[in-house]
Structure formats: C-alpha cells, structure tokens
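For the sequence shown, the numbering used here gives the first residue as -17, with consecutive numbering after it. Worksheet for the structure shown next.
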Amino acid sequence: MQDPRSESPAAGTGPLPEVLVLGTGGTIAGVAPAADTATGAGYTAGVLGVEQLLVSAPGVHQHARLEFTQVCNIDSKDARPALWLDLARAVRDWRARAGTAGCVITHGSDTLEETAYALDCLLEPGSPVVLTASMLPAAALSADGPRNLFDAVRVAGDPAAAGRGVLCVAHGRVHAARDLSKQHPARIDAFGSGERGPLGFIDAGGLRFTREQPGAAQRPLAAPEASAEDARWPRVEMVCSHAGADGELVRALLAASAAGTLRPPLHALVVLGTGHGTVHQDLQAALDQAAAAGVRVQVVPRTGPCEGGEFDGLNAAKVRVRLLLEGLGAAQ
Ligand code: ASP
C-alpha cells in the first residue's frame, strides 16, 4: 500500500528514494495497558499496524517515498522459519518492481538476529534491506521505536547501504546481520556486534560506515519459495553441555527419530559447548551415537560466536538458521 503522506515534497533536493516498509510486529508495535503506558510494563507485542508506526515517526516522509505491507503482527518469540521465506519473497518481488529501492522490516528484538541472518542467506546482496526493532513499546516514555524506524528508513534509502548484506539499525548503530545479536534483555542499546563492532552509525550527521563486512556477498542458500509442507524444513535441535549433561535428551531424540514419532526426523544438532566448544564426556558419547546415525553434529561455544572456519562469527542460533537453510536448499 502506498502511504499518501509520501507525496509531500522533499526536504532536500532531488527525488526521494523509494522504501518499502514490511511490518511483522514486535515491541515496536507493542501496546501497554493504560495504567502502564509510562513504563511500558505489561505490554503486548505486535498490536499496532505498520501504518501507525509510520505515523509515529514524524519527518520520515521527508526522507523517502514510502510503501508499506503488513506481513504479520506477532511477538517475535513466536516466529517460524516460514516467516523468513515470506519476507525474502516480499523483498525479492519489491526489488523486481522497484529496482534499487530499499526495504525496512520492523521486527521484534528477540529473534531479530535469526530473521536478519536468514534473509542474509536467502537474498542476493543488492539494494538495502534493514531490520529495526525497539526495546520499549510504542507509547512508553522515551519510546525508542519511532527513532529507530526513522533511522532505518534513512539507511534503506541511502545507496551507500547497498551491497552490504542485510543490516539492522537500532540505537544509532548499523549492524551486519552476521555479527549482530541481542545482548541484553532490557537495555535500550540491547543490540551489539561483539568484538567486531557495528558496521557504522546513523545520527544527525547522516550515515557513516566505519568498516567493511568481509564475506557479506554470498549466494542464496535456498530459494525462498513458499513451502506448504513443514516437512521440507529439516529438524535441527539445540542441546547444551553443562555439569551433569548425560546425553539422555539426545538419545531420546534419536529413539523417537528412529521410531518415526519425531517428524521430521533429526537432521542436525547444534551443541552449545563449554569454553572453546568442549563437551561433557557423557553427552559426547550420545553425540557420537547421533553422528553414527547420520545426524550432523555442530559444536559452538557457549561463551560467544564461533571463531574461524565455516561458521566464523555466528552464534548458536545463527548456526542453526544456517543448517536449516542448507537443509531446505538441499531438498529443493
Ligand atoms: N518479545 C518482543 C519480540 O521479540 C520483544 C521485542 O520486540 O523487543 O517481539
């Protein structure tokens, strides 16, 4: 849908960039009970429509000609991989129609890093794709959503953001999907890019990239075609090594898989290991059984992202996203 306010004249010179805003819900679209409007306590995520979010970001129409689509309106803790395909198709169709124009996706903060990385794996680099979120619901005092959305639109409309892979804009920082993670459950600056740091900054001075992202250009791992059958997604589960990890959970998964009661059957395990990725000897025995049964076992450090190798820079949730998409791509 085209936003009529986008017809207003540009604040600067030259034509305004076109930007599509896809709404998916999250705290940025959250509403608190009247009594808690000030603090945002007790809010419900995914209530306001994307059109209302754009109204709450004054000035945004002076930076882009906006179109918007509501893809869903959920708390992102409840996101499913099918959402990644829906969003990838929406971006692909938009690029086919609007060429170099950018795209913003409003999303919950909880699983933003999974969606951002999935899209990074599903889309060609190309025109800017920028996810944004908020930590406070829409009507809270000092709500951060309007500013984050405003900044995300400015980044999506800037040609300097093209070809860098999927980005996330929050709290004045621009992060790469590969590096980004939610690092605090409540702080306004909840997102970080670990030791690599953000790719750049967006503030009153405009957009500045302060480093390049090696390996941002990658081939799509799977085609984002709609999948009616969930069975096309492989089953990739996560287990954790810890004091007393005895491997019984893994054996139960293997038994259910072999009996045909676990559908789809177990394809891969992402194992959160201690230290550099060490695993309790009792859990390791069960993982050896899994590997012998043809299950892919990928150990990642419990302490932070993988260092070096195929999964360099990815945390456990993103390694799981990668294995899911590789499995989907292989089934296509
Ligand atoms: N639970 C919310 C969500 O992920 C949290 C947020 O958006 O900040 O949708």
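Beta carbons: idealized from backbone N, C-alpha and C, even for Gly. As the structure is a prediction and not an experimental result, all values here were calculated from the model.
Using the three-state DSSP reduction, which class does L131 fall into: helix, strand or coil?
Position 149 of the sequence shown, counted from the start, is the residue given in the question as residue 131. Residue state, collapsed to three classes: helix.
Considering only DSSP beta bridges, list what L34 is partnered with.
As a working mapping, residue 34 is identified with position 52 in the sequence shown. Strictly speaking, residue 34 in this sequence is Gln, with Leu absent from that position. DSSP output for Q34 lists no bridge partner at all.
Could you tell me if the beta carbon of T93 falls within a distance shorter than 7 Å of some heavy atom in the ligand ASP?
To locate residue 93, count along the sequence shown from 1; it is residue 111. It does: the Cβ of T93 is within 7 Å (strictly closer) of some heavy atom of the ligand ASP.
Nearest residue (CA-CA) to A299, options V29, E219, A138
Reading the sequence shown from its first residue, position 317 is the one you call residue 299. Among V29, E219, A138, the Cα nearest to that of A299 is on E219.
In this structure, does DSSP put T9 in helix, strand or coil?
Residue mapping note: residue 9 aligns to position 27 of the sequence shown, counting from 1. Correct three-state label for T9: helix.
Are the Cβ atoms of A250 and Q280 separated by less than 8 Å?
To locate residue 250, count along the sequence shown from 1; it is residue 268. To locate residue 280, count along the sequence shown from 1; it is residue 298. Yes, these two residues count as a Cβ contact at 8 Å.
Where does S124 land, buried or exposed, given buried means 16+ other C-beta within 10 angstroms?
Position 142 of the sequence shown, counted from the first residue, corresponds to residue 124. Result: exposed.
Cα-Cα, which of T88, R74, D133, G286 is closest to P107?
By one-based count along the sequence shown, residue 107 stands at place 125. Considering only alpha carbons, the answer is R74.
Might you give, ordered along the chain, the residues of its own chain that have their beta carbon closer than 7 Å to the beta carbon of A312, omitting 5 neighbours on each side?
Looking up residue 312 in the sequence shown gives position 330. Excluding positions up to five away in sequence, the list is empty.
Once you ignore the five residues that flank A199 on each side, which residues in its own chain have a CB closer than 6 Å to its CB?
As a working note, residue 199 is residue 217 in the sequence shown. For A199, the pLDDT reaches just 48, beneath the cut-off of 50, and the residue's location in the model is therefore unreliable, leaving the point undetermined.
Out of curiosity, what's the CA-to-CA distance linking L67 and A241?
If you number the sequence shown from 1, residue 67 lands on position 85. If you number the sequence shown from 1, residue 241 lands on position 259. The alpha-carbon atoms of L67 and A241 are separated by roughly 30 Å.
Could you check what DSSP says for H43 in three-state terms: helix, strand or coil?
Start at 1 with the first residue of the sequence shown, and residue 43 comes out as number 61. Note: H43 maps to helix in three-state DSSP.
Do V137 and V111 count as a contact pair if the criterion is CB distance below 8 Å?
Within the sequence shown, numbered from 1, the residue matching residue 111 stands at position 129. Within the sequence shown, numbered from 1, the residue matching residue 137 stands at position 155. No.
Checking 8 Å against the spacing of the C-beta atoms, do C103 and P202 come in under that value?
The residue given as residue 103 occupies position 121 in the sequence shown. The residue given as residue 202 occupies position 220 in the sequence shown. Contact: yes.
Alpha-carbon spacing of L306 relative to T285, whole angstroms
Locating residue 306 in the sequence shown gives position 324, where the first residue counts as 1. Locating residue 285 in the sequence shown gives position 303, where the first residue counts as 1. Near 22 Å, if we compare the C-alpha coordinates of T285 and L306.
Reduced DSSP category for P63 - H, G, I as helix; E, B as strand; rest coil
Sequence index remark: in the sequence shown, residue 63 carries index 81 (1-based). Helix at P63.
Nearest CA to the CA of L48: which residue from G81, R178, M(-17)?
On the sequence shown, position 66 is the one that residue 48 refers to. Out of G81, R178, M(-17), M(-17) has the C-alpha closest to the C-alpha of L48.
For A100, which of A275, L162, L(-2) has the nearest alpha-carbon?
Numbered from 1 along the sequence shown, position 118 holds the residue referred to as residue 100. Out of A275, L162, L(-2), L162 has the C-alpha closest to the C-alpha of A100.
CB of Q165 within 8 Å of CB of G154, strictly:
The residue labelled residue 165 in the question sits at position 183 within the sequence shown. The residue labelled residue 154 in the question sits at position 172 within the sequence shown. Taking 8 Å as the Cβ cut-off, Q165 and G154 do not qualify as a contacting pair.
Among D126, K59, L235, nearest to V277 - alpha-carbon criterion
Counted from its first residue, the sequence shown places residue 277 at position 295. Ranking the options by Cα distance to V277, first place goes to L235.
For A(-7), I'd like the list of residues in its chain whose CB is within less than 7 Å of its CB, leaving aside the five on either flank, ordered along the chain.
By 1-based counting over the sequence shown, the position of residue -7 is 11. Low confidence applies to A(-7): its pLDDT is 48, below 50, so where it sits in the model is not reliable enough to give any reading.
Span of the beta strand (DSSP E) holding D185?
Here residue 185 refers to the residue found at position 203 of the sequence shown. Counting along the chain, the beta strand (DSSP E) containing D185 begins and ends at 182 to 185.
Please list the terminal residues of the continuous beta strand (DSSP E) segment that includes R217.
Locating residue 217 in the sequence shown gives position 235, counting from the first residue. Residues 217 to 222.
Beta-carbon contacts of T6 that lie in its chain and below 6 Å, excluding the five residues immediately before and after
Mapped onto the sequence shown, residue 6 falls at position 24. Cβ within range, chain order: V53, C54, H89.
Cα-Cα separation between A17 and P119, rounded to whole angstroms
Your numbering for residue 17 matches position 35 in the sequence shown. Your numbering for residue 119 matches position 137 in the sequence shown. In a straight line, the C-alpha of A17 is about 14 Å away from that of P119.
6 Å Cβ shell around P128 - same chain, five flanking residues per side excluded:
As a working note, residue 128 is residue 146 in the sequence shown. Correct list, in chain order: S38, A39.
Please report the distance separating the alpha-carbon of E96 from that of A159.
The residue given as residue 96 occupies position 114 in the sequence shown. The residue given as residue 159 occupies position 177 in the sequence shown. Rounded to whole angstroms, E96 to A159 spans 8 Å at the Cα level.
If you follow the beta strand (DSSP E) that T114 is in, where does it begin and where does it stop?
On the sequence shown, residue 114 is found 132 positions in, with the first residue counted as 1. That run of the beta strand (DSSP E) goes 111 to 114.
Endpoints, the beta strand (DSSP E) within which R190 is located
Start at 1 with the first residue of the sequence shown, and residue 190 comes out as number 208. Element bounds for R190: 188 to 191.
The ligand ASP heavy atoms versus the CB of T260: any closer than 7 Å?
By 1-based counting over the sequence shown, the position of residue 260 is 278. No; taking the cut-off as 7 Å, the Cβ of T260 has no heavy atom of the ligand ASP nearer than that.
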